[in-house]
Amino acid sequence: MRAAILFLLFIVSVNLYAKETYLFYQPWNSDFNGTLFDDKTFRLLKQHGITAIVVQWTRYGDNNFIRKFDKRFKKLFLLGERYRIKIITGLYADPNYFKYISEKKLDTEHYLTTLLHHNQNTAKELDAQFKHYRSWGGWYIYDEINDVVWSEERRYRLIQSYLRQLSHTIKSINDKPIYISAYYTGTVSLFRYIDFINTVIPKGTILFLQSGVGAGLLDLQEAKHYFTLFGEFCNKHLVYLSEMFHIKKDKKIVADATLYRMQSDKLGTNCDRALFSWRYFMKIYRQ
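In terms of this note's numbering, the sequence shown opens at residue 1 and continues consecutively.
Below is the structure:
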């Protein structure tokens, strides 16, 4: 009973205060064998105030979801049109991205050139497939930007150049909004990280700012402080992303409605927000 009341309060807060509510979705091959994309699911999303779905990637390494599941993806866009839910399409995701960027001996310039090539090709393919759908709401760049690996001067300049080139290419293909994610670990000073984000991420890019609470990077108070300062000093359009999960001691990731509600209450509601992610959302609301 208590859980049901908490869920009801969450629904009310989303519908009354949030301007946009994005829900992240990470495609898996198994998703396309069932009824993931149907009217029942989209009615549930609409009921809970979801206004946009962020498909985190459409290519994952050698796995091209657009080619493999062309009809299913088109159904996703058609349902988006029917329920007035935007579909933001992710580009290329390297499964080893986080591992590679953490390696000090990585040939960063060569690696980013390779990523740029994959993303440019994916963008062209997405535009050819989906440019006629009214529900297509923009592009998402998978490569998350944190305060750890890009602080070195040479890497700083390389990631800045990479994002500018990619942004320019995307806009030349189809000038829809571009989104990217960032998260703070507390490794460098917060003001230094804000200055970094202001400089590196291209003008006009919409920034999903991750709370880090579910991932255990920050506690609620630290996340509130970090969100507040970004709101005051960051020159980007911000979307505050809350995590609907927590990581247990055995490293298992589980859905956590209570922790999400605490983030929602503590980190503010009168703003654009994003939820991570589809799977945890469904585990909570399809019970």
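From the three backbone atoms N, C-alpha and C, an ideal C-beta is built for every residue, glycine too. Computed from a predicted model, the values in this text were never measured in an experiment.
Whole-angstrom distance between THR58 and ILE170, CA atom to CA atom: Sequence index remark: in the sequence shown, residue 170 carries index 170 (1-based). Sequence index remark: in the sequence shown, residue 58 carries index 58 (1-based). Looking at the two C-alpha atoms, the distance is approximately 15 Å.
Contact under 9 Å by Cβ, TYR92 with THR51: Mapped onto the sequence shown, residue 92 falls at position 92. Mapped onto the sequence shown, residue 51 falls at position 51. Judged by their CB atoms, TYR92 and THR51 are not nearer to each other than the 9 Å cut-off.
Cβ pair HIS48, PHE281 closer than 9 Å: In the sequence shown, counting from the first residue as 1, residue 48 sits at position 48. In the sequence shown, counting from the first residue as 1, residue 281 sits at position 281. Yes; because the gap between Cβ atoms is below 9 Å, this pair is in contact.
Pairwise C-alpha distance: LYS71 and GLY186: As a first step, residue 186 must be located in the sequence shown, where it is residue number 186. As a first step, residue 71 must be located in the sequence shown, where it is residue number 71. Distance between the alpha carbons of GLY186 and LYS71 is about 43 Å.
Nearest-angstrom Cβ-Cβ length linking TRP136 and PHE77, presumed shorter than 8 Å: The count along the sequence shown starts at 1 and reaches residue 136 at position 136. The count along the sequence shown starts at 1 and reaches residue 77 at position 77. 7 Å between Cβ atoms; contact.
Span separating the alpha-carbon of SER211 from that of ASP127: For this step, residue 211 is matched to residue 211 along the sequence shown. For this step, residue 127 is matched to residue 127 along the sequence shown. Distance between the alpha carbons of SER211 and ASP127: 31 Å.
Closest Cα partner of GLN129 within the set LEU45, LYS74 and VAL55: Stepping through the sequence shown from its first residue, residue 129 is reached at position 129. Comparing alpha carbon positions, the residue from LEU45, LYS74 and VAL55 closest to GLN129 is LYS74.
ALA182 versus LYS283, SER189 and ASP143, residue with shortest Cα-Cα distance: The residue given as residue 182 occupies position 182 in the sequence shown. The option with the nearest alpha carbon to ALA182 is ASP143.
Buried or exposed (CB count within 10 angstroms, at least 16 for buried), ASP94: For this step, residue 94 is matched to residue 94 along the sequence shown. So ASP94 ends up on the buried side.
Collapsed DSSP secondary structure at ALA215 in the structure displayed: For the purposes of this step, residue 215 is taken as residue 215 along the sequence shown, with counting starting at 1. Note: ALA215 maps to coil in three-state DSSP.
Neighbour-count burial assignment, ASN152, 16 or more Cβ in a 10 Å radius: Position 152 of the sequence shown holds residue 152. For the record, residue 152 in the displayed sequence is Glu; it is not Asn. With fewer than 16 Cβ atoms within 10 Å of its Cβ, GLU152 is classed as exposed.
Span separating the alpha-carbon of ASP272 from that of LYS249: Here residue 272 corresponds to residue number 272 of the sequence shown, with the count starting at 1. Here residue 249 corresponds to residue number 249 of the sequence shown, with the count starting at 1. When rounded, the distance between both Cα atoms is 32 Å.
Beta-carbon gap between TYR162 and LEU116 smaller than 9 Å: As a first step, residue 162 is located in the sequence shown; it is residue number 162 there, counting from the start. As a first step, residue 116 is located in the sequence shown; it is residue number 116 there, counting from the start. It is a contact, given that the beta carbons lie within the stated cut-off.
Other residues of its chain near LEU217: CB distance less than 6 Å, five sequence neighbours each side excluded: Mapped onto the sequence shown, residue 217 falls at position 217. If you ignore the 5 residues before and after LEU217, its C-beta comes within less than 6 Å of the C-beta of THR185, all in its own chain and listed in chain order.
Paired residues, beta bridge with GLY90 - DSSP: The residue given as residue 90 occupies position 90 in the sequence shown. GLY90 is bridged to TYR140.
Backbone CA spacing between PHE32 and ASN63 [nearest angstrom]: One-based indexing of the sequence shown puts residue 32 at position 32. One-based indexing of the sequence shown puts residue 63 at position 63. Separation of PHE32 and ASN63 (C-alpha to C-alpha, rounded to the nearest whole angstrom) is 13 Å.
Three-state secondary structure (DSSP) of ILE170: Residue numbering aside, residue 170 sits at position 170 when the sequence shown is read from its first letter. It is helical.
DSSP three-state assignment for ILE50, whether helix, strand or coil: Residue mapping note: residue 50 aligns to position 50 of the sequence shown, counting from 1. Residue state for ILE50 is assigned as coil, using DSSP reduced to three classes.
Beta-carbon proximity list for CYS234, same chain, < 7 Å, skipping 5 on both sides: Taking the first residue of the sequence shown as 1, we reach residue 234 at position 234. Excluding positions up to five away in sequence, the list reads ILE194, ILE197 and ASN198.
Cβ neighbour criterion (16 or more within 10 Å) applied to GLY214: Numbered from its first residue, the sequence shown carries residue 214 at position 214. Residue environment analysis places GLY214 among the buried positions, since at least 16 neighbouring C-beta atoms fall within 10 angstroms of its C-beta.
Nonlocal neighbours in the same chain, by C-beta distance under 8 Å from VAL200, ignoring five residues either side: The residue you call residue 200 lines up with position 200 of the sequence shown. Correct list, in chain order: ILE145, TRP150, TYR156, ILE159, GLN160 and LEU163.
Classification of ASN29 by the beta-carbon crowding that lies within 10 angstroms, buried from 16 upward: Taking the first residue of the sequence shown as 1, we reach residue 29 at position 29. Only exposed fits ASN29, as fewer than 16 other CB atoms lie within 10 angstroms of its CB.
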